[in-house]
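Keeping their order, the protein sequence lines are chains A and B. In terms of this note's numbering, the first sequence is residues 3 to 225. In terms of this note's numbering, the second sequence is residues 3 to 225. Ideal placement from N, C-alpha and C gives every residue a C-beta, glycine not left out. Notes to accompany the following structure.
Number of protein chains: 2
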Amino acid sequence: MLSSIHSRAVTIRPRRYQKLAVACEADEVVYFVRAGALALSAGLPNGRRQILSILYPGDVFRSALTPSPALTGLSAVTASAEVWRLRWPTFEALAAGDSALQQLFDSLITDQAARLAMHIAIIGSLGADERVASFLVEIALRLGAPVAGGIAFEIPLTRTDIADYLALNADTVSRIMSRLRAKGVLAQSGRSLMICRDMKALESQSPFSAALQQICARARRAR
Amino acid sequence: MLSSIHSRAVTIRPRRYQKLAVACEADEVVYFVRAGALALSAGLPNGRRQILSILYPGDVFRSALTPSPALTGLSAVTASAEVWRLRWPTFEALAAGDSALQQLFDSLITDQAARLAMHIAIIGSLGADERVASFLVEIALRLGAPVAGGIAFEIPLTRTDIADYLALNADTVSRIMSRLRAKGVLAQSGRSLMICRDMKALESQSPFSAALQQICARARRAR
DNA sequence: CGTAGATTTGAGTTCTGTCAAATTTTGTGG
DNA sequence: CCACAAAATTTGACAGAACTCAAATCTACG
C-alpha cells in the first residue's frame, strides 16, 4: 500500500525549519511523514509562535484541515526529515481504488483530530510540570524503545520548539527537565537523547497519561 | 437538504449541562446544532475542565473526531438547545446520494478543524485580555446583529464556561470584561446580552481578528 | 419579593516569563 | 583527531500576570 503512494509521490528531504508548501497550484496537498518530524505552527504578528501539532513518522498531513496559510505554516523541526507529498486529487484517485488505503487515511486523520483536542486539554488545563511530563510521555510512547535502564528516545525538537508546543518558555522547559534529571526520572546524553529511568513516575505527573496511551494504542492498531 | 436530514434525525432539546451521547449502540453519531450552543469538554481527575470547542447553530459534530469518551463529553451550555442526531451509518447513506450534502458536511468539518487549531493558537500564545477579546470577536461574528449603537449579541455561556474555554479563571474573565465596559467598548444589559460599541477597538485587541473573520466568512459561504 | 446562584471586586500569593550571564554541545575546518 | 566558533541550553535573580480566596453585589426565576 505504501509503495503505491511512494510511486505517485514527490519525496522531499527538508532541513530544519524548511517550510513545506501547503498548496500546489491551487490543489490541496497531502504529506506522509517518513522520517524526522514536522510541526504545524501558527505565527503571530508580535513574533510569538505556537506549534499546533507535531507530526511523527507514520503521520499524515492534509492541508485542508488547517486555518489559512497566512496564519499557519508546516515545516520540519528535525535537522533532516523525509516526507512524501501528493496532490489531493492524485491521492483521492489512489484511495478511490483502494479501500484499505482509504480506511488507513481516515483513521490517521481521526487520530490527529483527537491529538489536537488532547493538545488543547494539555495546554489549557495543566501546569508547566504536567505539560512537560505529558509531552515526554507522548514522545516515549511514539518514539521510545526499551533499553537496559529504562526507555530511550530521542527528542526531535529543540527546547524552544518544545516550549512553543507546550505554550511555555524555553527557560521554564529547561528548568523542569533539569528537575526531572535531578530526581532521577530522566537521564540525558547529549542534547536530545533521553532515557526515562522511571516511566511510572513520569506518568504519575501527567494527568493525561492514560488518554495518551489510548490514543497511541489506537494509532498503532491502525498502522 | 436540511429537511432530508431532519426527517431521518432524532430531535433533542437538551437543557444546560445535559450530556449528549457520543455513541449510539456502538455506532458513531452526528449532531447538527440548530439552536443554543454545545460544548465539547475534557474533564480532569482534579476537577478542572477544559472546553475544547463550542458549537453554534449551523455547526456539526462527529464523534469520531474526539479523544476517548472517558476523557471528553458533549453537552449543552445554553439553558436550552435544539440538536438533530443521526447515527453515522444513516447519515453516510444519506450523503452518498446527495453530493451537495456531502460537500457541505466536509466543509463544516474542515472549518471545525481550523477552529480547533485557532483555539490552540489563542490559548497558547495570547495573554488574558487578548483571549477574551478574541472570544468576543468570534461571538460577534457568529451571533452578532447590527443595532443602533453597535453590534448586539448574546453570550451563550456563563463566565465559568468562558473561562474554561479560554483556559482562564472566571474571576479574571469578569475583571477583563469590566475593564472593557469601563472603556466603553462593551455595554451590557443583564448577564448575557452585550452590545459592542466599538468593534474596531475590540478587534485591535485580538491579534487573530483577521484570521477569525476569514474562518467565519468561509463558513458563511459554505452554508 | 425573596432566594439561590452567578458575577464582581479586592488583597495577597504563586507560578511562569524575562533578562542576563555562564556553560555545554554541536558542527566545521585544519 | 583537535581546536574553535556558533548555537543551544542551563541557571539565577527578579518582575509581572493570573490565580485563589473571601466578601459583597447583582440577576434570574419561582
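Go ahead and pull the three-state DSSP assignment for Asp100(A). Stepping through the first sequence from its first residue, residue 100(A) is reached at position 98. Coil at Asp100(A), not helix or strand.
Contact list for Ala135(B) against chain A, beta-carbon separation under 8 Å: In the second sequence, counting from the first residue as 1, residue 135(B) sits at position 133. Those within 8 Å of Ala135(B) in chain A number zero; the least Cβ separation is about 14 Å.
What span of residues does the alpha helix (DSSP H) with Met201(B) cover, start to end? Your numbering for residue 201(B) matches position 199 in the second sequence. Here the alpha helix (DSSP H) through Met201(B) covers Met201 to Ser206.
Cβ of Gly75(B) within 8 Å of any chain A Cβ: Position 73 of the second sequence, counted from the first residue, corresponds to residue 75(B). No - not a single Cβ of chain A is within 8 Å of the one on Gly75(B).
Go to Ala44(B), then tell me how far its beta strand (DSSP E) extends in each direction, as first and last residue. The residue labelled residue 44(B) in the question sits at position 42 within the second sequence. That run of the beta strand (DSSP E) goes Leu40 to Gly45.
Ser206(A) versus chain B: which residues are under 8 Å apart at the beta carbon? By one-based count along the first sequence, residue 206(A) stands at place 204. Neighbours of Ser206(A) on chain B: none; closest Cβ ~11 Å, over 8 Å.
Across the stretch 91-107 of chain A and the stretch 141-161 of chain A, are there enough close Cβ pairs to call them in contact, namely three or more that are closer than 8 Å? no
Which value, in whole angstroms, describes the spacing of the CA atoms of Asp61(A) and Leu110(A)? Position 59 of the first sequence, counted from the start, is the residue given in the question as residue 61(A). Position 108 of the first sequence, counted from the start, is the residue given in the question as residue 110(A). Approximately 7 Å, taken between the alpha carbons.
In the stretch 34-49 of chain A, which residues sit with their C-beta less than 8 Å from some C-beta in chain B, listed in chain order? Leu42, Ala44, Leu46, Pro47 and Asn48
Please compile the residues from chain B whose C-beta is within a distance smaller than 7 Å of the C-beta of Leu57(A). For the purposes of this step, residue 57(A) is identified with residue 55 of the first sequence, where counting begins at 1. Those do not exist, as Leu57(A) stays about 13 Å from chain B at its closest Cβ, beyond 7 Å.
Over what stretch of residues does the beta strand (DSSP E) that includes Ile197(A) continue unbroken? The residue you call residue 197(A) lines up with position 195 of the first sequence. Here the beta strand (DSSP E) through Ile197(A) covers Leu195 to Cys198.
How long is the line joining the alpha carbons of Gly75(A) and Glu84(A), rounded to whole angstroms? For the purposes of this step, residue 75(A) is taken as the residue at position 73 of the first sequence. For the purposes of this step, residue 84(A) is taken as the residue at position 82 of the first sequence. When rounded, the distance between both Cα atoms is 17 Å.
Chain A contacts from the stretch 103-117 of chain B (Cβ-Cβ distance under 7 Å): Thr112, Ala115 and Ala116
For the alpha helix (DSSP H) containing Glu30(B), name the first residue and the last one. To locate residue 30(B), count along the second sequence from 1; it is residue 28. Unbroken run through Glu30(B) is the beta strand (DSSP E), Asp29 to Ala37; no alpha helix (DSSP H).
Report the option in Ser136(A), Gln114(A) and Ala37(A) whose CA atom is closest to the CA atom of Ser208(A). Looking up residue 208(A) in the first sequence gives position 206. Out of Ser136(A), Gln114(A) and Ala37(A), Ser136(A) has the C-alpha closest to the C-alpha of Ser208(A).
For Gly126(A), decide whether its Cβ has a neighbour in chain B, counting only Cβ atoms nearer than 8 Å. Within the first sequence, numbered from 1, the residue matching residue 126(A) stands at position 124. Interface residue, yes.
Close Cβ partners of Gln215(B) (< 7 Å) along its chain, the five nearest in sequence each way excluded: Indexing the second sequence from 1 puts residue 215(B) at position 213. The answer, listed in chain order, is Leu143.
Is the beta carbon of Leu73(B) closer than 8 Å to that of Ala44(B)? For this step, residue 44(B) is matched to residue 42 along the second sequence. For this step, residue 73(B) is matched to residue 71 along the second sequence. Result yes, Cβ atoms of Ala44(B) and Leu73(B) sit closer than 8 Å.
If we count the other Cβ atoms within 10 Å of its Cβ and call it buried at 16 or more, is Asp108(A) buried or exposed? If you number the first sequence from 1, residue 108(A) lands on position 106. Label assigned to Asp108(A): exposed.
Contact defined as beta carbons within less than 8 Å: I believe Leu40(A) pairs with Ser77(A). What is the distance between those atoms, to the nearest angstrom? Here residue 40(A) corresponds to residue number 38 of the first sequence, with the count starting at 1. Here residue 77(A) corresponds to residue number 75 of the first sequence, with the count starting at 1. With a Cβ gap of about 7 Å, Leu40(A) and Ser77(A) count as contacting.
Which residue wins for smallest C-alpha separation from Arg10(B), given the options Cys26(B), Lys202(B), Thr92(B) and Tyr19(B)? Taking the second sequence and counting its residues from 1, one reaches residue 10(B) at position 8. When only C-alpha atoms are compared, the closest one is Thr92(B).
Contacts of Met120(B) in chain A (Cβ-Cβ under 7 Å): By 1-based counting over the second sequence, the position of residue 120(B) is 118. Correct list: Pro69.
Is the Cβ of Leu54(B) closer than 8 Å to any Cβ of chain A? Numbered from its first residue, the second sequence carries residue 54(B) at position 52. It does; some Cβ of chain A falls within 8 Å.
Inspect the beta-carbon positions of Asp29(B) and Trp86(B) and report whether they are closer than 8 Å. Against the second sequence, residue 29(B) aligns to sequence position 27. Against the second sequence, residue 86(B) aligns to sequence position 84. Contact flag unset, no.
Is it the case that the Cβ atoms of Leu88(A) and Val35(A) are separated by a distance below 8 Å? Indexing the first sequence from 1 puts residue 88(A) at position 86. Indexing the first sequence from 1 puts residue 35(A) at position 33. In this structure, Val35(A) does not lie closer than 8 Å to Leu88(A) by Cβ.
Would you call the CB atoms of Arg15(A) and Ser82(A) closer than 8 Å? What you label residue 15(A) is simply residue 13 of the first sequence in a count that begins at 1. What you label residue 82(A) is simply residue 80 of the first sequence in a count that begins at 1. Yes, they are a contact pair.
Please indicate yes or no: does the CB of Tyr58(A) lie closer than 7 Å to some heavy atom of the ligand COA? Looking for the ligand COA in the displayed structure turns up nothing, as the structure carries no ligands at all.
State the Cα-Cα distance for the pair Cys198(A) and Asp163(A), rounded to the nearest angstrom. By 1-based counting over the first sequence, the position of residue 198(A) is 196. By 1-based counting over the first sequence, the position of residue 163(A) is 161. The alpha-carbon atoms of Cys198(A) and Asp163(A) are separated by roughly 20 Å.
Specify the secondary structure class of Gln114(B) as computed by DSSP and reduced to three states. If you number the second sequence from 1, residue 114(B) lands on position 112. Three-state result, Gln114(B): helix.
Using 8 Å as the threshold, is the C-beta distance between Leu188(A) and Leu182(A) below it? Counting from one through the first sequence, the residue named residue 188(A) turns up at place 186. Counting from one through the first sequence, the residue named residue 182(A) turns up at place 180. Cβ distance < 8 Å, so Leu188(A) and Leu182(A) count as in contact.
For Leu46(A) versus Ser211(B), is the C-beta distance shorter than 8 Å? As a working note, residue 46(A) is residue 44 in the first sequence. As a working note, residue 211(B) is residue 209 in the second sequence. Cβ atoms of Leu46(A) and Ser211(B): not closer than 8 Å.
Residues from the stretch 193-219 of chain B in contact with chain A, defined by Cβ distance under 7 Å: Pro209, Ala213, Gln216 and Ile217
Ala97(A) versus chain B: which residues are under 8 Å apart at the beta carbon? The residue you call residue 97(A) lines up with position 95 of the first sequence. Simply none; closest approach about 14 Å.
With DSSP as the reference, label Thr74(A) as helix, strand or coil. Along the first sequence, one-based indexing puts residue 74(A) at 72. DSSP places Thr74(A) in strand when its eight states are reduced to three.
Residue nearest to Ile153(A) in terms of C-alpha spacing, selected from Asp131(A), Ala203(A) and Thr174(A): Indexing the first sequence from 1 puts residue 153(A) at position 151. Answer by Cα proximity: Ala203(A).
Is Pro148(A) buried or exposed, if buried means 16 or more other CB atoms sit within 10 Å of its CB? One-based indexing of the first sequence puts residue 148(A) at position 146. Flag for Pro148(A) reads exposed.
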